[in-house]
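As given, the protein sequences belong to chains A and B, one line each in that order.
Everything in the first sequence is counted per our numbering, starting at 19 for the first residue and increasing by one.
Everything in the second sequence is counted per our numbering, starting at 2 for the first residue and increasing by one.
From the three backbone atoms N, C-alpha and C, an ideal C-beta is built for every residue, glycine too.
All of these numbers come straight from a predicted model, not from anything done at the bench.
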Amino acid sequence: AGPASGGAAMSSGGTLSILRSDSYAELSQYRDQHFRGTRYDQERLLRKSCTLYVGNLSFYTTEEQIHELFGKSGDIKKVIMGLDKVKKTACGFCFVEYYARGDAENAMRYINGTRLDDRIIRTDWDAGFKEGRQYGRGRSGGQVRDEYRQDYDAGRGGYGKTVQCQ
Amino acid sequence: MSRRRHSDDSDAGQPHKRRRTSEPSEIEERLESLICRVGEKSNSSLESNLEGLAGVLEADLPNYKSKILRILCTVARLLPEKLTVYTTLVGLLNARNYNFGGEFVEAMIRQLKECLKVNMYNEAVHLVRFLSDLVNCHVIAAPSMVAMFENFVSVTQEEDVPQVRCDWYMFAFLSSLPWVGKELYEKKDAEMDRLLSQAESYLKRRQKIHVPMLQVWTADKPHPQEEYLDCLWSQIQKLKKDRWQERHILRPYLAFDSVLCEALQHNLPPFTPPPHTEDSVYPMPRVIFRMFDYTDDPEGPVMPGSHSVERFVIEENLHCIIKSHWKERKTCAAQLLSYPGNNKIPLNYHIVEVIFAELFQLPSPPHIEVMYTTLLIELCKLQPGSLPQVLAQATEMLYMRLDTMNTTCVDRFINWFSHHLSNFQFRWSWEDWSDCLTQDLEKPKPKFVREVLEKCMRLSYHQRIIDIVPASFSVLSPANPVCIYKYGDESNRSLPGYTVALCLTIAIKNKASNDEIFSILKDVPNPNQDDDDGEGFTFNPLKIEVFVQTLLHLAAKSFSHSFSALAKFHEVFKTLAESDEGKLHILRVVYEVWKNHPQMIAVLVDKMIRTQIVDCAAVANWIFSSELAHDFTRFYIWEILHSTIRKMNKHVLKIHKELEETKARLARQHKRRDSDDDDDDDDRSTDREDGPLEEQIERLQEKVESAQSEQKNLFLVIFQRFIMLLTEHLVRCETGGIDVFTPWYKSCIERLQQIFLQHHQIIQQYMVTLENLLFTAELDHHILAVFQQFCALQA
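Take a look at the structure:
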């Protein structure tokens, strides 16, 4: 919108808290337990991050699909696919890094909770990619959630690993 | 209101800023919350809530008057969808406390002046409307409101001011009349008649050259796309004819008439519109988007006509709701659906129309496009039994009218529809659109379907798209996005460069370095060159071809693979791309390899610009080159061009920002030094301090100038190429005696318009150059018209 629409706080008026509400772009409760640093450091990084974690992807969802969908909120700097630590194949999550935080915020507001490959995907703030974080942390090599999952999910290798081993 | 979570873990001594929970700020929060929430769903009636709140606020006036004033002024400015709720509240307060009423009016006038000074015109309109509704609440005397409007209308008599300035004052006057027309006419009919007749003559004489550029459809059927002031004028005329009877607006103050009419009114101080300055930027004109009328929902309540004031008020309010809650999609959807009057108007139709109005708005939607997609999905979730049907009906209508839809709007329709479908398993009754199969593929309807299917594929995969459409649609299905490697087959071994390609392939697989690649490439003969001009690497198209084809083919697996390849062999790319011809040829080869996968072309071009393998002008020239003529009207080409322009714009802004920041640092440094000045500072040491910063500023200044010059050059190249292309077509048509208006021509001329509209703020800087150099009087009038329409936008 051009300058004529303003909308920002004015010296004589300010704004209203109901209009400041931006719940979709807020930090979630999740904190990466493997993060090296204090809680305070982590939250500081999360608040200025341009990187999103994306979860509940199908194992078959490609980088190209992710690029297309997340490109709708702004220019993407990088997509890093999450990989099974053993098999080195996609295991259902990824990181999307934008050049501008505002673009990441819009992804949180409008792409989080919508569908990719027919699955509702979930996005969350990430403190920033570091080598090694592209691997699943489950014992079998995939994500932890797929270790203990009881239900059958065709897009995520069928039953959970523990169930499969029974 | 979100509270920051203060972690209680033992952090490494980082101090938290604990919010001081002092009483006054808590009370202010509570007051703000009470005021903002009045009018929401409640067990009590609105009237009793307003009465209660007025009592509370009156009691708080002695201690919190300024806070209450601030909050009320802010809701007047930012919650226009609840206008009459708050004017009633102010009316009740004024009845209880005359002085407060006066102070409020003064504060509003101050706020209005400030808005106008800082170009916040949309909010200023809300303030004017609020003031005018205060007449209905007996806070402001009608004659003084009329006097203010007289001053507004007299702006149209000013000389040498932009039309958009007069437009705003006219709009502020006319758009308040649905609320206060009746009252003003009852008190001052002669004056009002005079004002309306002045309005009429202004509207007749103002120019409307800009209108075609802003219309979503070029056809007037089934609904004319009217200029916004013309539409409003028709609505006001009809309102006047109906003797100012207006039945849609909720007016809580009517219930309090006995209390309010006892109140003393205030006179508005005489209001002089602030003069026009060089810094004034007025809102751009608009065209009113209409896609529905009462015939579209025969079962439901009757949709107010296009020239009814009800239609105006409903649309204004729905737009305001979106503006208030655009960040919170669930709240936004809920607020839209709980718009009062639900059973008297076909609300779903209004909502869908208003959302598409914003999505298709020219030059740009008020909010990011993807917001509308998600908002519509939320609305479908909340009204699963009715909204999806309205949306399907709307989609069908938009499809039917594609032939006359502006190309930019078609782009947005494509993006919206494909993204929407991807959330609903791509379920659609494609057979209903079989009519497009018999048309020329360049016609709008088949083109639309092709582009939609291509976008759907990008969000899924090729086979999925084949599966979701009937077999008859295969002619419109996208190509399988595979890479085309010209040296791939044994049968190509006669091609020049084939052996080098093989060699390169093996070398790259064996992790060769850039130097090794260079030495392999040395063996590639140059097909155009008679002799080397002794500078080392000269433009050798075959060298580029062999290297780029081979590398892209090896890295074809994914975007990441290709990006890694570009990064690893960046040196080779830079050398091959040294000349302008080199850059152009690299782009050509990229296209040859990936013409089946437009998405890959786009990301590669983006990466090559960002890593400075090619520059923006090279991309512009490539897009207009004859090799790409076949794809010239395809959506992805324009996505690439606009993305390129945006990168250029962002680059200029970034360096400019750096320059400003460095200047600020220098200024702070001076200030610091000045403040502790009586030390016997050595002059040399202060110079030394300044030196590096000043040097940096000089360097940045040069960088800014060079970037701005590159930016201007980019636009000039683009305009020049458009002019050449369009002129060629026009001349050919003229000599051949054929109709100029082919699908290609419509697309091309609208793409030119799109450049102007999408980057209008930057292009405004180049007006003189454009007028003198490119868009001169000798130009064909078809092309010149586009430029003239653009000039008219801020005239």
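Just to make sure I have the definition right: I need the residues of chain A whose C-beta is within less than 8 Å of the C-beta of B/GLN759. Which are they? One-based indexing of the second sequence puts residue 759 of chain B at position 758. At a C-beta separation below 8 Å, B/GLN759 has no neighbours in chain A, since its nearest C-beta there lies roughly 12 Å away.
List the residues of chain A whose Cβ lies closer than 9 Å to the Cβ of B/ARG459, in chain order. Here residue 459 of chain B is taken as the residue at index 458 of the second sequence, counted from 1. Residues of chain A whose Cβ lies closer than 9 Å to the Cβ of B/ARG459 are, in chain order, GLU82, GLN83, HIS85, GLU86 and LEU87.
Quick check on DSSP: helix, strand or coil for B/TRP245? Mapped onto the second sequence, residue 245 of chain B falls at position 244. It is coil, neither helix nor strand.
Provide the residue span of the beta strand (DSSP E) that contains A/GLY110, from first to last. Here the question's residue 110 of chain A lines up with position 92 in the first sequence. Per DSSP, A/GLY110 is one residue of the beta strand (DSSP E) stretching across 108-116.
Using a Cβ-Cβ cutoff of 7 Å, what residues of the segment 550-579 of chain B are near chain A? List them in chain order. Residues SER559, PHE560 and SER561.
B/LEU715 and B/ILE614 - do their beta-carbons sit closer together than 8 Å? Along the second sequence, read from residue 1 onward, the residue named residue 614 of chain B stands at position 613. Along the second sequence, read from residue 1 onward, the residue named residue 715 of chain B stands at position 714. Not in contact: B/ILE614 and B/LEU715 (Cβ atoms no closer than 8 Å).
Within 8 Å, strictly: CB atoms of B/ASP61 and B/ILE72: On the second sequence, position 60 is the one that residue 61 of chain B refers to. On the second sequence, position 71 is the one that residue 72 of chain B refers to. Cβ atoms of B/ASP61 and B/ILE72: not closer than 8 Å.
So, under 8 Å CB-CB, B/VAL804 and B/ASN416 are touching, yes? Tell me the CB distance rounded to an integer number of Å. Lying before the first or after the last residue shown, residue 804 of chain B is absent from chain B, which here runs from 2 to 796.
Please identify the residue among A/ASP59, A/VAL104, A/SER67 and A/ASP136 whose C-alpha is closest to the C-alpha of A/LEU75. One-based indexing of the first sequence puts residue 75 of chain A at position 57. When each option's Cα is compared against that of A/LEU75, the closest is A/ASP136.
I'd like to check one pair, B/GLN759 with B/PRO364: are the Cβ atoms closer than 8 Å? Taking the first residue of the second sequence as position 1, residue 364 of chain B is located at position 363. Taking the first residue of the second sequence as position 1, residue 759 of chain B is located at position 758. Result yes, Cβ atoms of B/PRO364 and B/GLN759 sit closer than 8 Å.
Below 8 Å on the Cβ atoms is my guess for A/ILE94 versus A/VAL114; work out the distance and round it to an integer in Å. Counting from one through the first sequence, the residue named residue 94 of chain A turns up at place 76. Counting from one through the first sequence, the residue named residue 114 of chain A turns up at place 96. That pair is a contact at about 6 Å.
So that I know if they touch, is there some Cβ in chain C lying closer than 8 Å to that of B/SER235? No chain C is present in this structure, whose protein chains are A and B.
Identify, in the order they occur along the chain, each residue of the same chain with its Cβ nearer than 7 Å to the Cβ of A/PRO48, setting aside the five sequence neighbours on each side. Here residue 48 of chain A refers to the residue found at position 30 when the first sequence is read from its first residue. The amino acid occupying residue 48 of chain A in the given sequence is Tyr; Pro does not appear at that position. Same-chain partners within the cutoff: ASP142.
Taking 8 Å as the threshold, find out whether the segment 741-754 of chain B comes into contact with the segment 690-704 of chain B through three or more Cβ pairs. Output reads no: the segment 690-704 of chain B does not touch the segment 741-754 of chain B.
My output table needs one value for A/LYS95: the three-state DSSP class, helix, strand or coil. The sequence position of residue 95 of chain A within the first sequence is 77, counting from 1. DSSP places A/LYS95 in strand when its eight states are reduced to three.
B/VAL303 burial status per 10 Å Cβ neighbour count (16 or more: buried): Residue mapping note: residue 303 of chain B aligns to position 302 of the second sequence, counting from 1. With fewer than 16 Cβ atoms within 10 Å of its Cβ, B/VAL303 is classed as exposed.
Exposed or buried, A/GLY92, counting other C-beta atoms within 10 Å across all chains shown (16 or more means buried)? In the first sequence, residue 92 of chain A corresponds to position 74, counting from 1. Burial check for A/GLY92: the Cβ neighbour count within 10 Å reaches 16 or more, so the residue is buried.
Taking 8 Å as the threshold, find out whether the segment 98-112 of chain A comes into contact with the segment 652-671 of chain B through three or more Cβ pairs. No, they do not touch.
Spatial neighbours of A/GLY24 in its chain, beta-carbon cut-off 8 Å, leaving aside the 5 residues before and after: Translated into positions along the first sequence, residue 24 of chain A becomes position 6. No answer about A/GLY24 holds up, because its pLDDT of 41 lies below 50 and its placement is not dependable.
Is the segment 417-425 of chain B close to the segment 230-239 of chain B, with three or more CB pairs under 8 Å? The segment 417-425 of chain B vs the segment 230-239 of chain B: no contact.
Identify which residue in B/PRO144, B/HIS554, B/THR219 and B/LEU197 has its Cα closest to the Cα of B/THR157. Taking the second sequence and counting its residues from 1, the one referred to as residue 157 of chain B is at position 156. Comparing Cα-Cα distances from B/THR157 to each of B/PRO144, B/HIS554, B/THR219 and B/LEU197, the minimum goes to B/LEU197.
B/ASN597 and B/ALA480 closer than 8 Å at C-beta: Translated into the one-based positions of the second sequence, residue 597 of chain B becomes position 596. Translated into the one-based positions of the second sequence, residue 480 of chain B becomes position 479. The beta carbons of B/ASN597 and B/ALA480 sit closer together than 8 Å.
Of the residues B/ILE356, B/VAL620, B/TYR746 and B/MET372, which one's Cα is nearest the Cα of A/ASN130? Counted from its first residue, the first sequence places residue 130 of chain A at position 112. Proximity to A/ASN130 across B/ILE356, B/VAL620, B/TYR746 and B/MET372 peaks at B/MET372, based on C-alpha coordinates.
Can you tell me whether B/CYS167 is buried or exposed, with buried defined as 16 or more other CB within 10 angstroms of its CB? As a working note, residue 167 of chain B is residue 166 in the second sequence. It is buried - the Cβ of B/CYS167 has at least 16 other Cβ atoms within 10 Å.
Do A/GLU165 and A/GLY178 have their CB atoms nearer than 8 Å? In the first sequence, counting from the first residue as 1, residue 165 of chain A sits at position 147. In the first sequence, counting from the first residue as 1, residue 178 of chain A sits at position 160. Going by C-beta atoms, A/GLU165 is nearer than 8 Å to A/GLY178.
What is the rounded straight-line gap between the Cα of B/LEU360 and the Cα of B/LEU392? As a working mapping, residue 360 of chain B is identified with position 359 in the second sequence. As a working mapping, residue 392 of chain B is identified with position 391 in the second sequence. In this structure, the straight-line span from the alpha carbon of B/LEU360 to that of B/LEU392 is close to 14 Å.
Alpha carbon to alpha carbon, how far is B/MET146 from B/LEU268? Give it in angstroms, no decimals. Numbered from its first residue, the second sequence carries residue 268 of chain B at position 267. Numbered from its first residue, the second sequence carries residue 146 of chain B at position 145. The residue asked about is misnamed: residue 268 of chain B is Asn in this sequence, not Leu. Cα to Cα, the separation comes out at about 8 Å.
B/PRO528 beta carbon less than 8 Å from that of B/LEU552: Reading the second sequence from its first residue, position 551 is the one you call residue 552 of chain B. Reading the second sequence from its first residue, position 527 is the one you call residue 528 of chain B. Not in contact: B/LEU552 and B/PRO528 (Cβ atoms no closer than 8 Å).
Which residue or residues does DSSP assign as beta-bridge partners of A/GLY73? Stepping through the first sequence from its first residue, residue 73 of chain A is reached at position 55. In DSSP, A/GLY73 forms a bridge with A/ARG140.
Range of the contiguous alpha helix (DSSP H) that encloses B/PRO144: Locating residue 144 of chain B in the second sequence gives position 143, counting from the first residue. Unbroken alpha helix (DSSP H) run through B/PRO144: 143-155.
Look at A/ALA145 and A/LEU63 and say whether their C-beta atoms are less than 8 Å apart. Against the first sequence, residue 145 of chain A aligns to sequence position 127. Against the first sequence, residue 63 of chain A aligns to sequence position 45. Contact flag set, yes.
With the cut-off set at 8 Å, would you say B/HIS249 and B/VAL355 are in Cβ contact? Translated into the one-based positions of the second sequence, residue 249 of chain B becomes position 248. Translated into the one-based positions of the second sequence, residue 355 of chain B becomes position 354. When the beta-carbon positions are compared, B/HIS249 and B/VAL355 stay at least 8 Å from each other.
Measure the Cβ-Cβ separation of B/ALA334 and B/GLU379 and say whether it is below 8 Å. Taking the first residue of the second sequence as position 1, residue 334 of chain B is located at position 333. Taking the first residue of the second sequence as position 1, residue 379 of chain B is located at position 378. It is a contact, given that the beta carbons lie within the stated cut-off.
For a minimum of 4 consecutive residues, which ranges assigned as the alpha helix (DSSP H) are wholly contained in the segment 94-180 of chain B? Complete alpha helix (DSSP H) runs here, min 4: 99-118, 122-137, 143-155 and 164-175.
Min CB distance A/SER158 to chain B below 8 Å: Position 140 of the first sequence holds residue 158 of chain A. Put simply, the CB of A/SER158 is far from chain B, with every gap to its CB atoms at 8 Å or more.
Using 8 Å as the threshold, is the C-beta distance between B/ASN541 and B/VAL525 below it? Position 540 of the second sequence, counted from the start, is the residue given in the question as residue 541 of chain B. Position 524 of the second sequence, counted from the start, is the residue given in the question as residue 525 of chain B. Using a Cβ distance threshold of 8 Å, B/ASN541 and B/VAL525 count as a contacting pair.
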